[in-house]
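In what follows, a structure is listed as structure tokens, so that the remarks can point back to it.
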Amino acid sequence: MALPLEVARSSNQSDITGTRVAKAEVIKILRVLRTPSNDIRTVGMVELGSGTEIIQPVPSCDRHQKLIVSVLRLDADQSDEEICTIAKCIKKLEIHKNPLNMAAIITTTMLPGCPLPRPPLYGMYPVKEPGDPNDLIGGRVLSRKWIDLDLPKLWKSACNSLHTDLCKGFPHELLSRIRPTWLVDVKRQCVISAPEDCSYVALSYVWGNQPTLKATVGNMSQLQRVGALLSMPIAKTIQDAIGVVELLEERYLWVDTLCIVQDNESEKHVEMAKMAAIYANSAITILAVQGKHANSGLRGFRGISEARNLHQNLHCLEKESRVIQFPIEPAQLELGSHEPVWGSRGWTYQEHLFSRKRLVFDGDSVRWECAAAIWREHVELSLDLKPHHNDIIRCQSLLKPSLPDLRWLQVILQDYNKRSFTYPEDALYAFAGIAFSTSQAFAGGFVSGLPIAFFEVALLWQPHDRIFRRVSRDPEKQHCLPSWSWAGWSGVVNFDTKSATDFTRNSKSIEKSVTRIVSWNYHATVDAPGKPIHPSILANKDLWLAKQIECASLGWTKHSTAEGLESFYESPDPTSPSPYFYKHEAYPGNEFWYPIPLVQQVSSIPSILVPYISCTTRRAWLFPGEELSKKNGYRPILSLRIDRKVWAGILQPHDSLDASNETLQDPTRAVELVEIARGFCRDTTSPWPGIEEIRHPERPKAGQWYEYYWIMWVEWGNGIAYRKGLGRVQRQLWEEQRGELFYLLLG
Numbered sequence: 001m002a003l004p005l006e007v008a009r010s011s012n013q014s015d016i017t018g019t020r021v022a023k024a025e026v027i028k029i030l031r032v033l034r035t036p037s038n039d040i041r042t043v044g045m046v047e048l049g050s051g052t053e054i055i056q057p058v059p060s061c062d063r064h065q066k067l068i069v070s071v072l073r074l075d076a077d078q079s080d081e082e083i084c085t086i087a088k089c090i091k092k093l094e095i096h097k098n099p100l101n102m103a104a105i106i107t108t109t110m111l112p113g114c115p116l117p118r119p120p121l122y123g124m125y126p127v128k129e130p131g132d133p134n135d136l137i138g139g140r141v142l143s144r145k146w147i148d149l150d151l152p153k154l155w156k157s158a159c160n161s162l163h164t165d166l167c168k169g170f171p172h173e174l175l176s177r178i179r180p181t182w183l184v185d186v187k188r189q190c191v192i193s194a195p196e197d198c199s200y201v202a203l204s205y206v207w208g209n210q211p212t213l214k215a216t217v218g219n220m221s222q223l224q225r226v227g228a229l230l231s232m233p234i235a236k237t238i239q240d241a242i243g244v245v246e247l248l249e250e251r252y253l254w255v256d257t258l259c260i261v262q263d264n265e266s267e268k269h270v271e272m273a274k275m276a277a278i279y280a281n282s283a284i285t286i287l288a289v290q291g292k293h294a295n296s297g298l299r300g301f302r303g304i305s306e307a308r309n310l311h312q313n314l315h316c317l318e319k320e321s322r323v324i325q326f327p328i329e330p331a332q333l334e335l336g337s338h339e340p341v342w343g344s345r346g347w348t349y350q351e352h353l354f355s356r357k358r359l360v361f362d363g364d365s366v367r368w369e370c371a372a373a374i375w376r377e378h379v380e381l382s383l384d385l386k387p388h389h390n391d392i393i394r395c396q397s398l399l400k401p402s403l404p405d406l407r408w409l410q411v412i413l414q415d416y417n418k419r420s421f422t423y424p425e426d427a428l429y430a431f432a433g434i435a436f437s438t439s440q441a442f443a444g445g446f447v448s449g450l451p452i453a454f455f456e457v458a459l460l461w462q463p464h465d466r467i468f469r470r471v472s473r474d475p476e477k478q479h480c481l482p483s484w485s486w487a488g489w490s491g492v493v494n495f496d497t498k499s500a501t502d503f504t505r506n507s508k509s510i511e512k513s514v515t516r517i518v519s520w521n522y523h524a525t526v527d528a529p530g531k532p533i534h535p536s537i538l539a540n541k542d543l544w545l546a547k548q549i550e551c552a553s554l555g556w557t558k559h560s561t562a563e564g565l566e567s568f569y570e571s572p573d574p575t576s577p578s579p580y581f582y583k584h585e586a587y588p589g590n591e592f593w594y595p596i597p598l599v600q601q602v603s604s605i606p607s608i609l610v611p612y613i614s615c616t617t618r619r620a621w622l623f624p625g626e627e628l629s630k631k632n633g634y635r636p637i638l639s640l641r642i643d644r645k646v647w648a649g650i651l652q653p654h655d656s657l658d659a660s661n662e663t664l665q666d667p668t669r670a671v672e673l674v675e676i677a678r679g680f681c682r683d684t685t686s687p688w689p690g691i692e693e694i695r696h697p698e699r700p701k702a703g704q705w706y707e708y709y710w711i712m713w714v715e716w717g718n719g720i721a722y723r724k725g726l727g728r729v730q731r732q733l734w735e736e737q738r739g740e741l742f743y744l745l746l747g
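Every letter in the sequence shown is one number past the one before it in UniProt numbering, and letter 354, counting from 1, is 354.
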């Protein structure tokens, strides 16, 4: 494919006095640059030398100097003296070739205490010349202003003809049946009812604070008129996307502002819950990663959008040895934006996660991502360029029928829950699509983001990092952010993933265990009657602990623990080892301590979004004390004491800290604690059982096991309790302090 050879010749290609690169280092650079893809792992990291060895002031300059100086950005009008100062701060320079995108990258190690920042990263590629080996993947000299109009269609065709499996569609029967209600017809320039089973392109972008046209009950009929979008003020990014859809030889575009009626709340919530499926079923998703708002556009398509401003430098090292250089962002070593707004927004998480084929606009460049490849505009097309991202593969594993596992939820929330929302009250709505798509793994679905199958364990989530209470923009919708759910807080959270999966027979030594002690109900309103939350997995565990479990459902068989070589696995109740374990025909490679509900049929299990849960429980008041360990820094773990004297347990506050972030705003006041579960662990520090207080010198010790209650710190408002923190109190001390049973309503 012919490309325009208009090259951006930056000012750094003028002669630069005061630098020299030794010939030996040039040979090293060329050797790495020209390493074929098949030999790349044999080269590794090649050390070039220190800053003073590589960059030395001399009266003259040559072509090699320009490359090093340009890569280190020492060419921005610095004097020889300034360059020497910088060179002295560089302990060593190294070059390696990234096997994922074939870029040669020079990295620097700065001397300790150096006040100068580490230089930015650049990716370098050799420009292939006649006679170069076929397996050498070269860079392409690009137009600074314009993207090749044929490139998106070429990538689409190559993927369709060469790739199978995930590139053809997600293996999820229920998900594949869900289609958009409305689409933009780019040929007729209007919104239409989505034709059955039609191919369409989806757009992922950020709204920002720009005013833009939205579909409403009032203008929906107008939007359906042929040619309506030609005269209506649609956002620049959407307008450009319509042109890109035509380049891809597709006809339909799905975009939220025009394909969801924004002021019809009931329809809006239905469509929002379908968004994971909408992106999963799209032929291609356009990701406007670089855009800061809806009017940023998709720059670089002549006749469709504005010109871009691509940064590239072309260097000539030896005779017929040209090197093309591009700035790259350090996170994924790709051409891209530094901390793009798109990557910080909650809605774009699932849009990225579920999209099988992506046309990514970032760093004034474009690339193609799918399950089998990443192809970049600035790199020659090659089947050897495999994806470095694993989210498409991870998404596939989530969508396949599998055993319920809290670990996948924790992995997703590590990224999702620290993202921002224009409307924070959307946090659970944006998660609904993810929850819906995993219905084959979790029997019963979710209640406000917590899986019902092991609800009590999921309720014991704790901050991994500093978290902040989400506050809705609409005061009347604060109830959409329940304090007891992770969605009510912004930040990374952890689950007790091992306690949630202790039904699997795979651990030689159990760390700790959780036991149910209360029954929960959920409520749509304060006055609505409660509906029971049935944690089916934990309920089966209760029956197993009571020695009442049997192979009640088809597919389960009972076996003696004496079978096989792994008879030494420890059960969830190590105080009373079980002589039996179970197997299921659907998972012949797995062994279970007790049967669990497995989703066998594809069915629709909607997420339950409710603000309130309730139970009957007990409470006590204890005083927060000293911080256990400064190592936690971001968020203290405080001792809990009886009458400010006797150590009783620990508390991890979620908020209400003083300015130092080391104690509560009022440490002299006792806090109200309610019991929500019971637990135990081995009374040992090696191996560490995973609870911070095990090393506390004042902790009561009584034999092999340490028993405790999980307690939640609550504060009340208008008869409703709100979660403020979580902790544990030694069992005997808690039972001595707790009061009578009472009704708890959490909001």
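Where a beta carbon is used, it is the ideal one built from N, C-alpha and C, also for glycine.
Helix, strand or coil at residue i according to DSSP, with G and I counted as helix
| i | result |
| --- | --- |
| H352 | helix |
| Y587 | strand |
| W155 | helix |
| W486 | helix |
| D15 | With a pLDDT of 35 at D15, under the threshold of 50, the predicted position of this residue should be treated as unreliable, and no value is reported. |
| K88 | helix |
| V26 | helix |
| D474 | coil |
| D426 | helix |
| F446 | strand |
| V518 | coil |
| I147 | coil |
| L741 | coil |
| G727 | strand |
| K214 | coil |
Contact under 9 angstroms by Cβ, residue i with residue j
| i | j | result |
| --- | --- | --- |
| E675 | I517 | yes |
| Y522 | S448 | yes |
| R345 | R419 | yes |
| G123 | D132 | no |
| L30 | S439 | no |
| G26 | K97 | It should be pointed out that residue 26 corresponds to Val in this sequence rather than to Gly. The answer is no: Cβ separation not under 9 angstroms. |
| W647 | R699 | yes |
| T52 | K88 | yes |
| I260 | E246 | no |
| H311 | P327 | yes |
| K274 | G433 | yes |
| G679 | K498 | no |
| K91 | W368 | no |
| G747 | P482 | yes |
| P119 | L72 | yes |
| L229 | Q189 | yes |
| F454 | L543 | no |
| Y582 | W621 | no |
| V493 | N417 | yes |
Among the options, the one whose alpha carbon lies nearest that of residue i
| i | options | result |
| --- | --- | --- |
| L673 | L149, H96, L353, A721 | A721 |
| residue 759 | P579, A441, P532, E249 | Any question about residue 759 goes unanswered here, given that the chain covers just 1 to 747. |
| Q704 | C681, K145, Q78 | C681 |
| Q652 | D197, V729, S50, A487 | V729 |
| L405 | A441, Y429, Y416 | According to the sequence shown, residue 405 is Asp rather than Leu. Residue A441 is the option with its Cα nearest to D405. |
| Y709 | C190, S266, Q737, R695 | Q737 |
| Q478 | Y423, L459, L174 | Y423 |
| F431 | C480, H534, L554 | C480 |
| Y706 | D683, L353, D256 | D683 |
Supposed contact pair residue j and residue i - C-beta distance, whole angstroms, cut 8 angstroms
| i | j | result |
| --- | --- | --- |
| Y594 | I637 | About 33 angstroms; that fails the 8 angstroms criterion. |
| M102 | V379 | 6 angstroms |
| D465 | G491 | 5 angstroms |
| V46 | V32 | 6 angstroms |
| L428 | A677 | Between A677 and L428 the Cβ distance is about 23 angstroms, and since that is not below 8 angstroms, they are no contact. |
Any 3 or more C-beta pairs closer than 8 angstroms across the region 522 to 542 and the region 610 to 620
yes
Quick test of the definition: if touching needs 3 or more C-beta pairs under 8 angstroms, does the region 170 to 184 touch the region 404 to 411?
no
Check whether the region 285 to 300 and the region 203 to 211 touch, using three or more Cβ-Cβ pairs below 8 angstroms as the test.
yes
Within 8 angstroms, do at least three Cβ pairs link the region 134 to 149 to the region 345 to 355?
no
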